[in-house]
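*Asks:* Got a structure for you, questions after.
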Ligand SMILES: [Zn+2]
């Protein structure tokens, strides 16, 4: 359902975790943006995301959307990375009921979903307990 | 800017309306508002609809619905701001009348959600979140609000029982509303024992999938007598604010900052504060949403939203009734129509037409409608005129 141009375009973020660091004020944007909301600068340099962080909040998805129904129940959280960037992603390979706020996690490259039996495989990041 | 009044409102009985189409549901509500106002023409119309495309495969709704209404050449504008589409349509109608551009403007909202199955409806709703960086990872709307709830519970001590009390209160109110989709009473225990959807939210913490529409007629206050014999309700304030699209980009995950910003502007425009309000209609798409909304509106201190339903403060008979209509929870949540249906409830309450759920001597009322996880919010304040 995501489509190949859209999947292709996001590879720098999903495969290489590339963020944009503002040249004016050093704020990091993930995914990269064209203008900084903090200082108005339009120049950025590429910076790779920190790959460890803490669980700021999470939920356990029992009723899953299309493409994820086979995996339910699974945990999704908002992770605050060590560079201050916050991302939403699954927290894999854990007992969801044992997760706690503040748990330390690290990023891993995983398959996130696929467009049916013969469609595109969508890779990206998930987190596991550190 | 001219002062603007609402002189007529219309809506239908909401639910799974298998026999009715997107266009007939909308036209029915629009005709009721026109009849209620007693006007013989409309100069311009706005339709709030989140996703005609994904729910019924129909866009171009401004023209289509102007045609259905038999008003052919008038300007028809479709407005989208996810679940706040109705509130935004109302605001644009207000602006068109306030500016002097038009005298009689129809504000409306509609959503026909049950022509598709549950998975397709879930997908359509999820487009109100960030598709690339939230939904891509398998998060759902209940999941996003569940993540807000978890922070609220951890930081303020809000309990599962307090969430459930919001649902119990709104169903009690909705049981008195003949237009409500789910007018049955539920207990806090039933809510807490319903199946988990996205921990900590249970099925009965969530608003339903609904077909429905609502409409209102707006005119300049100083011309009311030209158009109707009805007692007008004055629009004392209209405000709109946005916030980051993705929940993870917010400074505070357990607050609706766009509502707080819109409320601040609205109170300033109306010249009143939260303590002056007689009641509110707020966007309880989930039980935690009502808790965060009443905090953002300043009805209670930050962190005290959970206690409000439990203590009876926000009950119909409480000091600050919230969602006398039954809210999204009991009345239903046809996303594009919700913001306009809040106006329907407020106008009827201020006219004294709300029968068993009538709030006595109501003078000021507020409507809060939000899109997504609060990336957009609309706040309107209304005043009864005697
Ligand atoms: Zn900057």
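Protein chains in written order, with the numbering used here: chain B, 1 to 130; chain A, 1 to 386.
Idealized CB from N, CA, C, for every residue including glycine.
Would the beta-carbon of residue 27 of chain B be found less than 7 angstroms away from any heavy atom of ligand 1?
*Replies:* Yes.
*Asks:* Identify every residue that forms a DSSP beta bridge with residue 53 of chain B.
*Replies:* Beta-bridge pairing links residue 53 of chain B to B:81, B:105.
*Asks:* Let me confirm a value: residue 16 of chain B is counted as buried when at least 16 other C-beta atoms fall within 10 Å, else exposed. Which label applies?
*Replies:* Looking at its Cβ environment, which holds fewer than 16 other Cβ atoms inside 10 Å, residue 16 of chain B is exposed.
*Asks:* Taking CB distances under 8 angstroms as the criterion, tell me whether residue 18 of chain B reaches chain A.
*Replies:* Not closer than 8 angstroms to any Cβ of chain A, the Cβ of residue 18 of chain B fails to qualify, so no.
*Asks:* Using C-beta distances below 8 angstroms, list every residue in its chain close to residue 30 of chain A, excluding the 5 sequence neighbours before and after it, in chain order.
*Replies:* Cβ within range, chain order: 10, 45, 65, 69, 106, 108, 213, 215.
*Asks:* Please confirm whether residue 86 of chain A and residue 353 of chain A have their CB atoms less than 8 angstroms apart.
*Replies:* Their beta carbons are not under 8 angstroms apart, which means residue 86 of chain A does not touch residue 353 of chain A by this criterion.
*Asks:* Residue 293 of chain A to residue 322 of chain A, Cα distance in whole Å?
*Replies:* Approximately 10 angstroms, taken between the alpha carbons.
*Asks:* Applying the criterion that 16 or more other CB atoms from any shown protein chain within 10 Å of the CB defines a buried residue, is residue 51 of chain A buried or exposed?
*Replies:* Result: buried.
*Asks:* In terms of alpha-carbon separation, which member of B:36, B:112, B:110 lies closest to residue 45 of chain B?
*Replies:* Out of B:36, B:112, B:110, B:36 has the C-alpha closest to the C-alpha of residue 45 of chain B.
*Asks:* How many angstroms separate the CA atom of residue 394 of chain A from the CA atom of residue 75 of chain A?
*Replies:* The shown model of chain A, from 1 to 386, leaves out residue 394 of chain A, and the question about it has no answer.
*Asks:* Using a Cβ-Cβ cutoff of less than 6 angstroms, which residues in the same chain neighbour residue 133 of chain A once the five nearest sequence positions on both sides are dropped?
*Replies:* So the list reads 246, once near-sequence residues are dropped.
*Asks:* Taking the straight line between their C-alpha atoms, what separation do you get for residue 261 of chain A and residue 111 of chain B?
*Replies:* Roughly 40 angstroms between the two C-alpha positions.
*Asks:* Could you tell me which residues DSSP puts in a beta bridge with residue 8 of chain A?
*Replies:* Paired residue(s): A:217.
*Asks:* Return the first residue and the last residue of the beta strand (DSSP E) that residue 26 of chain A is part of.
*Replies:* Run containing residue 26 of chain A: none in the beta strand (DSSP E); it sits in the alpha helix (DSSP H), 22–37.
*Asks:* I want to check one thing, is the minimum distance from the CB of residue 38 of chain B to the heavy atoms of ligand 1 below 7 angstroms?
*Replies:* Answer for residue 38 of chain B: yes, Cβ within range of ligand 1.
*Asks:* If we count the other Cβ atoms within 10 Å of its Cβ and call it buried at 16 or more, is residue 165 of chain A buried or exposed?
*Replies:* When all chains shown are included, residue 165 of chain A counts as buried.
*Asks:* When DSSP labels each residue in this structure, what does residue 109 of chain A get in the three-state scheme?
*Replies:* If DSSP states are grouped into helix, strand and coil, residue 109 of chain A belongs with the strands.
*Asks:* Is the region 50–69 of chain B in contact with the region 95–105 of chain B, if contact means three or more CB pairs nearer than 8 angstroms?
*Replies:* The region 50–69 of chain B, when compared against the region 95–105 of chain B, does touch it at the 8 angstroms Cβ threshold.
*Asks:* Below 7 angstroms CB to CB, which residues in the same chain sit around residue 99 of chain B once its five sequence neighbours on both sides are set aside?
*Replies:* Excluding positions up to five away in sequence, the list reads 55, 58, 75, 91.
*Asks:* Beta-carbon within less than 7 angstroms of residue 187 of chain A's beta-carbon, same chain only, minus the 5 sequence neighbours each way: which residues are those?
*Replies:* The residues are 168.
*Asks:* Can you find a heavy atom of ligand 1 that lies under 7 angstroms from the Cβ of residue 24 of chain B?
*Replies:* Under cutoff, so the answer is yes.
*Asks:* Find the nearest neighbour of residue 266 of chain A within the set A:285, A:139, A:382, judged by alpha-carbon distance.
*Replies:* It is A:382 whose Cα lies nearest to the Cα of residue 266 of chain A.
*Asks:* At which residues does the alpha helix (DSSP H) containing residue 65 of chain A begin and terminate?
*Replies:* Where residue 65 of chain A is concerned, the enclosing alpha helix (DSSP H) stretches over 61–68.
*Asks:* Any chance you could list the beta strand (DSSP E) runs of at least 3 consecutive residues sitting entirely within the region 89–165 of chain A, in chain order?
*Replies:* DSSP runs (the beta strand (DSSP E)) wholly in the region 89–165 of chain A: 105–112.
*Asks:* Which of the three DSSP states is assigned to residue 236 of chain A in this structure?
*Replies:* The answer is strand: DSSP assigns residue 236 of chain A an E or B state.
*Asks:* Let's see if you can read the secondary structure: which residues bound the alpha helix (DSSP H) around residue 376 of chain A?
*Replies:* Counting along the chain, residue 376 of chain A falls outside any alpha helix (DSSP H), though it belongs to the beta strand (DSSP E) covering 376–384.
*Asks:* Along the beta strand (DSSP E) that carries residue 78 of chain A, what are the first and last residues, could you check?
*Replies:* Here the beta strand (DSSP E) through residue 78 of chain A covers 76–79.
*Asks:* For residue 371 of chain A, write down the residues that DSSP places opposite it in a beta bridge.
*Replies:* Paired residues: A:376.
*Asks:* Out of A:332, A:301, A:58, A:199, state which residue places its alpha-carbon closest to the alpha-carbon of residue 72 of chain B.
*Replies:* Ranking A:332, A:301, A:58, A:199 by Cα distance to residue 72 of chain B puts A:199 first.
*Asks:* Just to make sure I have the definition right: I need the residues of chain A whose C-beta is within less than 9 angstroms of the C-beta of residue 74 of chain B. Which are they?
*Replies:* Per Cβ cutoff of 9 angstroms: 138.
*Asks:* Along the region 32–60 of chain B, where does the CB come closer than 8 angstroms to a CB of chain A? Name the residues.
*Replies:* Listed in sequence order: 56, 57, 58, 59, 60.
*Asks:* I need the straight-line Cα distance from residue 363 of chain A to residue 271 of chain A, nearest angstrom please.
*Replies:* Whole-angstrom Cα-Cα distance: 14 angstroms.
*Asks:* Using the beta-carbon count (16 or more within 10 Å), is residue 39 of chain A buried or exposed?
*Replies:* Classification for residue 39 of chain A: buried.
*Asks:* Look at residue 253 of chain A and residue 147 of chain A and say whether their C-beta atoms are less than 8 angstroms apart.
*Replies:* Their beta carbons are under 8 angstroms apart, which means residue 253 of chain A touches residue 147 of chain A by this criterion.
*Asks:* Nearer than 7 angstroms: is that true of the beta carbon of residue 126 of chain A relative to any heavy atom of ligand 3?
*Replies:* Ligand 3 is not part of this structure, which contains only ligand 1.
*Asks:* Checking the sheet assignment: what are the DSSP bridge partners for residue 44 of chain B?
*Replies:* Answer is B:22, bridged to residue 44 of chain B.
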